[in-house]
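Presented below is the structure to which this report refers.
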Amino acid sequence: MGVFEAIGNDSHERVVVGNDPSTGLKAIIAIYSTQLGPALGGTRLFPYQNDEAALVDALRLARAMALKASAAGLSLGGGKAVIIGDRTLVTDDFWRSYGRLIDSLGGAYITAEDVGTTTGDMRVIAQETRWVTGRAVKDDGGGDPSPVTARGVMRAMMATSRYLWDRDSLHGCRVAVQGVGKVGSSLVRHLVDEGADVVIADVRQDSADALVEELGVKSVPTDEILSQDCDILSPCSLGGALNPETIPGLRCHAIVGSANNQLATDTDAAALAARDILYVPDFIANAAGLIHVASEVDGSDAGARVEGLYDSVLTVLEKASKEGVTPHEAAVRLAEDRIRREGSGTTFRHGGGE
Ligand code: NAD
C-alpha cells in the first residue's frame, strides 16, 4: 500500500520517515493537522509486523489526536509517531537520533510518552530537541498524566449519568472496568469513593487481585468483563474492545472509558446505537491526559479544562440527539468544525524553526 493510498480520504498534512541504520531507528511521524497549533502526540514503540501496519497505525492515531485536541479546545494540532521495534533497540544514541529527527521538523510535531516509551526516554530525546513533553516531575515535567485522565473519565461518567438518569452521582451505579493499569486503577479508586458498585478484570491477575484486596471490588475473568450486566462499561485496556464480535454480547447502558480507539471501526458506533447503548466517544472521555500534557507545553491551567469535560460530553450527546447521528459522529463533526472555523486555514503552519 502506498502512502497516499493509506491516507485515502483523510487530510493528513505530512508523513515523515526517519531511518538511521547506525542505531536501528525506523520511525514514521504522521501529522494530521497543524491548523490549530503544533501537532502534539506520543511516540509509540511497537514491533509492527510490517511497514504498512506501522504507517496505518500512525495515520489513524494522528487523526485521533487532532480530533481530541480540537474537541478539548486546545491550541494544538494532532500527530503521532510510531517506531518499529521493541525495547531491545533502546540506547541513548537511539533516542538522541530520534530527537534530532523531531528537531528537524522545527516544532511542527511535539512528542510525548506513549505505549512502549517512558518518561526516561523523553528525557534523552530532550537532549536533542525542545519539542518534547510528558517528562517526569524530577525533570521539570508534569509527570504521569494517568490520574488526571482518570479524573476526566469520572467527569465524563457523571455527565453520562446526568444525561441518562438525570443525576450526577454515581452512587450505586454498576460499573465494569476492563483493564486496571495506570488509568483504570485510579478510576476504580474514584468510583469506589463515589459509592459505585465496581467489577474489574485485567489480564494481569496480580493487578486485579491487588485492587480486590485494597478496595473490596469484585474481579471476573477477562473474557467475562465486557458482558457484565452493568450501567456503565469502561474500556481502559487496549483499543478495539468494541467490535462485531463483542457488541452483541454487551449488557450495559453506556460506555465511557479511557482506551484510545475503542471502536474497531467507525461503523461499530452505529451497531452500538442500534442496541440502544450510549457510547461516549473515547477522544472526549479520555482527553484529560492530553489536556494535562498540553499544560506542560503552554503553561495553561489544566484543572478547569478537565472539569469542563462534563460539559463537553453533554454538548456532544445533545448534538447527536438533535442531529440524529451517533455521539461518535457528532464529536467528529464538532472537532472538525472547530479546525475549519478557528484553524489558520493554511497547512504546514508550524515547523521550520519557530
Ligand atoms: P496501562 O498499560 O497502564 O494499563 C492497561 C491495562 O490493561 C494493563 O493492566 C493490562 O494488563 C490490561 N489489559 C490489556 N489487555 C487486557 C484485556 N484484554 N482485558 C483486560 N485487561 C487488559 O495503560 P494506561 O496508561 O492505564 O492506559 C489505558 C488505556 O487508556 C490505553 O488504551 C491508553 O492508550 C489510554 N489512555 C491513557 C492515558 C493516560 O493518561 N495514561 C490517556 C489517554 C488514553
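Residue 566 is where the sequence shown starts when you use our numbering, and the numbers rise one by one after that.
A virtual CB, placed ideally from N, CA and C, is assigned to each residue, including glycine.
Please read all numbers here as calculations on a predicted model, not as lab measurements.
Judging by CA-CA distance, which residue of the options is the nearest neighbour of residue i?
{"i": "Gly-602", "options": "Asn-574, Ser-635, Leu-626 and His-577", "result": "Ser-635"}
{"i": "Asn-584", "options": "Ala-715, Ala-885, Asn-825 and Ile-649", "result": "Ile-649"}
{"i": "Thr-676", "options": "Gly-642, Asp-657 and Arg-652", "result": "Gly-642"}
{"i": "Asp-774", "options": "Ala-761, Pro-800, Gly-746 and Asp-686", "result": "Gly-746"}
{"i": "Arg-628", "options": "Ile-812, Tyr-597 and Lys-884", "result": "Tyr-597"}
{"i": "Thr-725", "options": "Val-890, Thr-911, Asp-902 and Glu-883", "result": "Glu-883"}
{"i": "Ala-623", "options": "Ser-640, Leu-639, Ala-604 and Ala-637", "result": "Ala-604"}
{"i": "Leu-666", "options": "Ala-721, Ala-592, Glu-617 and Asn-574", "result": "Ala-592"}
{"i": "Val-718", "options": "Arg-914, Asp-902 and Gly-873", "result": "Gly-873"}
{"i": "Gly-804", "options": "Gly-916, Asp-841, Thr-698 and Gly-744", "result": "Gly-744"}
{"i": "Asp-616", "options": "Glu-901, Gly-606, Ala-571 and Val-878", "result": "Ala-571"}
{"i": "Asp-758", "options": "Asp-651, Thr-698, Ser-734 and Met-630", "result": "Ser-734"}
{"i": "Asp-801", "options": "Met-722, Val-742, Asn-574 and Ala-691", "result": "At residue 801 the sequence reads Cys, which differs from the Asp that was named. Of the listed residues, the one whose Cα sits closest to Cys-801 is Val-742."}
{"i": "Thr-830", "options": "Ser-877, Arg-609, Asp-767 and Arg-625", "result": "Arg-625"}
{"i": "Leu-899", "options": "Pro-813, Lys-703, Ala-631 and Asp-657", "result": "Ala-631"}
{"i": "Asp-575", "options": "Ala-838, Glu-901 and Leu-837", "result": "Glu-901"}
{"i": "Glu-778", "options": "Val-768, Arg-754, Thr-787 and Glu-810", "result": "Arg-754"}
{"i": "Asn-825", "options": "Met-566, Thr-588, Gly-606 and Pro-586", "result": "Gly-606"}
{"i": "Ala-835", "options": "Arg-732, Met-566, Ile-812 and Asp-876", "result": "Ile-812"}
{"i": "Gly-706", "options": "Tyr-875, Asp-686, Asp-731 and Met-723", "result": "Asp-686"}
{"i": "Val-821", "options": "Gly-781, Tyr-875, Gly-708 and Arg-732", "result": "Tyr-875"}
{"i": "Tyr-674", "options": "Met-722, Ala-691, Trp-696 and Trp-660", "result": "Trp-696"}
Using 8 Å as the threshold, is the C-beta distance between residue i and residue j below it?
{"i": "Lys-645", "j": "Ala-852", "result": "no"}
{"i": "Glu-693", "j": "Gly-664", "result": "yes"}
{"i": "Ala-595", "j": "Val-582", "result": "no"}
{"i": "Leu-620", "j": "Val-680", "result": "no"}
{"i": "Val-858", "j": "Ser-799", "result": "no"}
{"i": "Val-764", "j": "Leu-756", "result": "no"}
{"i": "Val-845", "j": "Ala-885", "result": "no"}
{"i": "Ile-849", "j": "Val-890", "result": "no"}
{"i": "Ser-860", "j": "Thr-714", "result": "no"}
{"i": "Gln-982", "j": "Leu-807", "result": "The first residue shown for the chain is 566 and the last is 919, placing residue 982 beyond what the model contains."}
{"i": "Glu-888", "j": "Ala-896", "result": "no"}
{"i": "Ser-711", "j": "Val-748", "result": "yes"}
{"i": "Gly-638", "j": "Arg-906", "result": "no"}
{"i": "Leu-752", "j": "Leu-791", "result": "no"}
{"i": "Ile-904", "j": "Gln-600", "result": "yes"}
{"i": "Ser-662", "j": "Leu-590", "result": "yes"}
{"i": "Thr-684", "j": "Ala-701", "result": "yes"}
{"i": "Asp-796", "j": "Cys-738", "result": "yes"}
{"i": "Ala-766", "j": "Glu-789", "result": "yes"}
{"i": "Asp-658", "j": "Pro-612", "result": "no"}
{"i": "Leu-879", "j": "Arg-727", "result": "yes"}
{"i": "Arg-688", "j": "Asp-704", "result": "yes"}
{"i": "Pro-809", "j": "Leu-843", "result": "no"}
{"i": "Phe-913", "j": "Glu-578", "result": "yes"}
{"i": "Thr-656", "j": "Thr-588", "result": "yes"}
{"i": "Val-768", "j": "Leu-776", "result": "no"}
Let me check one thing: in DSSP terms, what residues is residue i bridge-paired to?
{"i": "Glu-678", "result": "Thr-608"}
{"i": "Tyr-875", "result": "For Tyr-875, which the question treats as bridged, DSSP gives no partner whatsoever."}
{"i": "Asn-584", "result": "Lys-591"}
{"i": "Ile-690", "result": "Partner(s): none; Ile-690 has no beta bridge."}
{"i": "Lys-645", "result": "Ala-595"}
{"i": "Gln-743", "result": "Ala-766 and Pro-800"}
{"i": "Ala-819", "result": "Ile-797 and Leu-843"}
{"i": "Leu-828", "result": "Leu-807"}
{"i": "Arg-579", "result": "Ile-596"}
Quick one: what does DSSP say residue i is sitting in, helix, strand or coil?
{"i": "Ala-838", "result": "helix"}
{"i": "Ser-635", "result": "helix"}
{"i": "Glu-919", "result": "With a pLDDT of only 47 at Glu-919, under the threshold of 50, the placement of this residue in the model should not be trusted; the figure read from the coordinates follows. Here Glu-919 sits in coil by DSSP."}
{"i": "Pro-786", "result": "coil"}
{"i": "Pro-800", "result": "strand"}
{"i": "Ser-726", "result": "helix"}
{"i": "Ser-598", "result": "strand"}
{"i": "Tyr-663", "result": "helix"}
{"i": "Arg-898", "result": "helix"}
{"i": "Val-845", "result": "coil"}
{"i": "Val-697", "result": "strand"}
{"i": "Leu-807", "result": "strand"}
{"i": "Arg-732", "result": "coil"}
{"i": "Ser-886", "result": "helix"}
{"i": "Pro-603", "result": "coil"}
{"i": "Leu-670", "result": "coil"}
{"i": "Phe-913", "result": "coil"}
{"i": "Gly-543", "result": "The displayed coordinates of the chain run from 566 to 919. Any statement about residue 543 would go beyond what the structure contains."}
{"i": "Glu-907", "result": "helix"}
{"i": "Asp-658", "result": "helix"}
{"i": "Ala-852", "result": "coil"}
If you measure from the beta carbon of residue i to each beta carbon in chain D, is any gap under 8 Å?
{"i": "His-736", "result": "Although the question refers to chain D, the structure presented lacks it and comprises just one protein chain."}
Next on the checklist: Please give the ranges of any beta strand (DSSP E) in the region 746–797, keeping only runs that are unbroken, at least 3 residues long and fully inside the region.
Outcome noted: Taking only runs of at least 3 residues, the beta strand (DSSP E) segments lying wholly in the region 746–797 are 762–766.
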